[in-house]
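A.B. asks: Below is the structure I would like to discuss, written out as structure tokens.
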Amino acid sequence: MVLKKIIKKDSYIYFFLKRMKMKLIDIRFNYMDLEEKKKYIGKLYKKHIGKEIDWDAPKSYTEKIQCEKLYGSLEYKILLADKYRVRNWVESRIGKEYLIEILGVWKNVDEIDFSKLPNKFVLKTNCASGDAIVITNKGKLKNSEIAKYRKKLNYYLNCKYGIDTGEFQYSNMKPLIIAEKFIGFGEEDLPDYKFLCFEGVPYYCWVDVGRHHNHKRNVYDMNWELQNWNQERYGNTEYEIPKPANFEKMIEIATKLSNGFKHVRVDLYNVKGKIYFGEMTFTNGSGFEPIIPDEADLMLGAMWKL
235 MVLKKIIKKD
245 SYIYFFLKRM
255 KMKLIDIRFN
265 YMDLEEKKKY
275 IGKLYKKHIG
285 KEIDWDAPKS
295 YTEKIQCEKL
305 YGSLEYKILL
315 ADKYRVRNWV
325 ESRIGKEYLI
335 EILGVWKNVD
345 EIDFSKLPNK
355 FVLKTNCASG
365 DAIVITNKGK
375 LKNSEIAKYR
385 KKLNYYLNCK
395 YGIDTGEFQY
405 SNMKPLIIAE
415 KFIGFGEEDL
425 PDYKFLCFEG
435 VPYYCWVDVG
445 RHHNHKRNVY
455 DMNWELQNWN
465 QERYGNTEYE
475 IPKPANFEKM
485 IEIATKLSNG
495 FKHVRVDLYN
505 VKGKIYFGEM
515 TFTNGSGFEP
525 IIPDEADLML
535 GAMWKL
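Per my numbering, residue 235 is the first one in the sequence shown, and the count goes up by one each step.
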């Protein structure tokens, strides 16, 4: 704990130690049998959710995510959770017009030429979460900031993301760096519409706002009625989020993308009526973010037929 307080989160030492931790866990997993992996994931689940997993008869949503990690097919998850390689699949299902424009793709941070990128853009990897770097004014970037961003991206390229949570789809991807066109509104965080789909049917849409400043989340059903449950402890916004005018079109897209899957979360953006694909998530929050209250965890779990 003392070490965590001393080492800054954007320091070389911080990223080095985190990467070493991931590599050690990766080596451990290679030698674990199924029962050992269940024990490892079960310990993490108990730490985050506060309960034991019933591996024989899982009932809650967060429990079933742990089962998906160990028993779900990796092949399709590796492709569809990959933020770059999923694009061809998405285009084949709903069309190219829903894809955010790609400005560049690189295998290592040294290949990125910031001078060739526009004033506003987004940098991220294809194989991690929480790694997005939003640039809204490249002209104000200092060399020290660019060096920090390269360091962050380099960490995510090499850290075997998902190993420590058992989300093996991420650690089995071929890592890349992506630059995407900026689609937001100035300095504001872009609302993120996340559709929870079961058996190819969207049932709930939660909207994340202020993810980089004051993270709040509202959960709506398909009639845009605010629900009395949430994931994690973000809490609702102090204001009503308006239903998008083309919400039915968003439902149609989420339906097409989720077709054929027992469960998947389909993330979309809606920028002044223009809909964009975000990502596909098969192990939502790694199952370590509690669904509050418990009754909602069980309700969602009952919808997921393993």
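Glycine included, each C-beta is placed from N, C-alpha and C at the ideal position.
1) Excluding sequence positions up to five away, which residues of its chain have a Cβ less than 7 Å from the Cβ of V320?
2) Which runs of the beta strand (DSSP E), 3 residues or longer, sit entirely within the segment 485 to 523?
3) Using a 10 Å radius around the Cβ and a threshold of 16 neighbouring Cβ atoms, would you call A536 buried or exposed?
4) Within 7 Å of any Cβ in chain C, is that where the Cβ of F516 sits?
5) State the CB to CB distance for the pair W458 and F481, rounded to an integer number of angstroms; the pair is presumed to be in contact (CB under 8 Å).
6) Can you give me the C-alpha to C-alpha distance between K385 and D290, rounded to a whole angstrom?
7) In angstroms, rounded to a whole number, what distance separates the CA positions of R445 and M533?
8) Measuring alpha carbon to alpha carbon, tell me which of G418, K277, Y454 and L391 ends up nearest I509.
9) Where does the unbroken alpha helix (DSSP H) through D426 begin, and where does it stop?
10) From I525 to I328, what distance separates their C-alpha atoms?
11) Cβ atoms of E401 and S520: under 7 Å apart, would you say?
12) Please go through the same chain and pick out, in chain order, the residues whose beta-carbon is closer than 7 Å to the beta-carbon of F511, but skip the five residues on each side of it.
13) Identify every residue that forms a DSSP beta bridge with K277.
14) Would you please state the rounded distance, in angstroms, between the beta carbons of Y438 and Q461? I believe it to be under 8 Å.
15) What runs of the alpha helix (DSSP H), each 4 residues or longer, lie entirely inside the segment 400 to 482?
16) Which same chain residues end up closer than 7 Å to K341 when comparing Cβ atoms and leaving out the 5 residues on each side of it in sequence?
17) Near W538, what residues of its chain come up, given a Cβ to Cβ distance below 8 Å and the 5 sequence neighbours on each side ignored?
18) Considering I336, what are the terminal residues of the alpha helix (DSSP H) in which it resides?
19) Whose C-beta lies closer than 7 Å to the C-beta of E309 among residues of the same chain, with five residues either side of it excluded?
20) Less than 8 Å between the CB atoms is what I'm expecting for Y389 and C361, so what's the real figure, rounded?
21) What would DSSP say about L351, mapped onto helix, strand or coil?
22) How big is the Cα-Cα spacing for N392 and N353?
23) Return the CA-CA distance between K490 and R499, expressed in angstroms with no decimal places.
24) Can you tell me which residues form a DSSP beta bridge with K358?
25) With a threshold of 6 Å (Cβ to nearest heavy atom), would G306 be considered close to the ligand PLP?
26) Do the CB positions of G469 and K483 come within less than 7 Å of each other?
27) Leaving aside the five residues before and after I380 along the sequence, list all residues of the same chain whose C-beta is less than 8 Å from its C-beta, in chain order.
28) Assign I380 to one of three DSSP states: helix, strand, or coil.
29) Quick one: give me the first and last residue of the beta strand (DSSP E) that I367 is part of.
30) Rounded to the nearest angstrom, what separates L304 and K311 at their Cα positions?
31) Is it buried or exposed for E421, if we count other Cβ within 10 angstroms and need 16 for buried?
32) Going by beta-carbon coordinates alone, are E414 and V505 separated by less than 7 Å?
33) Look at the alpha carbon of K330 and the alpha carbon of N322, and state the distance between them as a whole number of angstroms.
C.D. replies: Reading it off the structure:
1) For the purposes of this step, residue 320 is taken as the residue at position 86 of the sequence shown. L313, L314 and M514.
2) Within the segment 485 to 523, the complete beta strand (DSSP E) segments at least 3 residues long are 497 to 505 and 508 to 515, listed from N- to C-terminus.
3) Locating residue 536 in the sequence shown gives position 302, counting from the first residue. By the neighbour-count rule (16 or more Cβ atoms within 10 Å), A536 is not buried but exposed.
4) Protein chain content of the structure displayed is limited to a single chain, and chain C is not contained in it.
5) The count along the sequence shown starts at 1 and reaches residue 458 at position 224. The count along the sequence shown starts at 1 and reaches residue 481 at position 247. Right, the Cβ-Cβ distance comes to about 7 Å (below 8 Å), so this counts as a contact.
6) Sequence index remark: in the sequence shown, residue 385 carries index 151 (1-based). Sequence index remark: in the sequence shown, residue 290 carries index 56 (1-based). The alpha-carbon of K385 is positioned some 43 Å away from that of D290.
7) Taking the sequence shown and counting its residues from 1, the one referred to as residue 445 is at position 211. Taking the sequence shown and counting its residues from 1, the one referred to as residue 533 is at position 299. Approximately 26 Å, taken between the alpha carbons.
8) Start at 1 with the first residue of the sequence shown, and residue 509 comes out as number 275. Closest option to I509, Cα to Cα, is G418.
9) By 1-based counting over the sequence shown, the position of residue 426 is 192. Element bounds for D426: not the alpha helix (DSSP H) but the beta strand (DSSP E), D426 to F432.
10) In the sequence shown, residue 525 corresponds to position 291, counting from 1. In the sequence shown, residue 328 corresponds to position 94, counting from 1. For I525 and I328, the distance between alpha carbons rounds to 31 Å.
11) Along the sequence shown, one-based indexing puts residue 520 at 286. Along the sequence shown, one-based indexing puts residue 401 at 167. Contact flag set, yes.
12) Here the question's residue 511 lines up with position 277 in the sequence shown. Excluding positions up to five away in sequence, the list reads V324, Y332, L333 and L502.
13) The residue given as residue 277 occupies position 43 in the sequence shown. The secondary-structure analysis by DSSP pairs K277 with nothing; it has no beta-bridge partner.
14) Residue mapping note: residue 438 aligns to position 204 of the sequence shown, counting from 1. Residue mapping note: residue 461 aligns to position 227 of the sequence shown, counting from 1. The pair is a contact, with the Cβ atoms about 7 Å apart (cut-off 8 Å).
15) When DSSP assignments are scanned along the segment 400 to 482, the uninterrupted stretches of alpha helix (DSSP H) that are 4 or more residues long and fall wholly within it turn out to be 402 to 405.
16) To locate residue 341, count along the sequence shown from 1; it is residue 107. Hits under 7 Å: L410.
17) Start at 1 with the first residue of the sequence shown, and residue 538 comes out as number 304. Taken in chain order, the residues that qualify are Y295, K298, F432, K496 and H497.
18) By 1-based counting over the sequence shown, the position of residue 336 is 102. Not the alpha helix (DSSP H): I336 falls in the beta strand (DSSP E), residues I336 to W340.
19) Start at 1 with the first residue of the sequence shown, and residue 309 comes out as number 75. For E309, where only same-chain residues beyond five positions count, there are no Cβ hits under 7 Å.
20) On the sequence shown, position 155 is the one that residue 389 refers to. On the sequence shown, position 127 is the one that residue 361 refers to. Not a contact, Cβ separation roughly 12 Å.
21) Within the sequence shown, the letter at position 117 stands for residue 351. In the structure shown, the three-state DSSP call for L351 is coil.
22) For the purposes of this step, residue 392 is taken as residue 158 along the sequence shown, with counting starting at 1. For the purposes of this step, residue 353 is taken as residue 119 along the sequence shown, with counting starting at 1. Taking the straight line from one Cα to the other gives about 27 Å.
23) Your numbering for residue 490 matches position 256 in the sequence shown. Your numbering for residue 499 matches position 265 in the sequence shown. Answer to the nearest angstrom: the Cα atoms are 12 Å apart.
24) Residue numbering aside, residue 358 sits at position 124 when the sequence shown is read from its first letter. According to DSSP, K358 shares a beta bridge with I412.
25) No copy of the ligand PLP appears in this structure; indeed no ligand is present at all.
26) What you label residue 469 is simply residue 235 of the sequence shown in a count that begins at 1. What you label residue 483 is simply residue 249 of the sequence shown in a count that begins at 1. For the pair G469 and K483, the CB atoms are not nearer than the 7 Å cut-off.
27) For the purposes of this step, residue 380 is taken as the residue at position 146 of the sequence shown. Only F348 meet the Cβ criterion.
28) One-based indexing of the sequence shown puts residue 380 at position 146. Here I380 sits in helix by DSSP.
29) By one-based count along the sequence shown, residue 367 stands at place 133. Going by DSSP, I367 is part of the beta strand (DSSP E) stretching over I367 to I369.
30) Residue mapping note: residue 304 aligns to position 70 of the sequence shown, counting from 1. Residue mapping note: residue 311 aligns to position 77 of the sequence shown, counting from 1. Pairing L304 with K311, the inter-Cα distance amounts to about 12 Å.
31) For the purposes of this step, residue 421 is taken as residue 187 along the sequence shown, with counting starting at 1. Confidence at E421 is low in this model, with a pLDDT of 49, below 50, so the placement of that residue is unreliable and no value is reported for it.
32) Position 180 of the sequence shown, counting from 1, holds the residue named residue 414. Position 271 of the sequence shown, counting from 1, holds the residue named residue 505. No, these two residues do not count as a Cβ contact at 7 Å.
33) Numbered from 1 along the sequence shown, position 96 holds the residue referred to as residue 330. Numbered from 1 along the sequence shown, position 88 holds the residue referred to as residue 322. Cα atoms of K330 and N322: separation of roughly 8 Å, rounded to the nearest angstrom.
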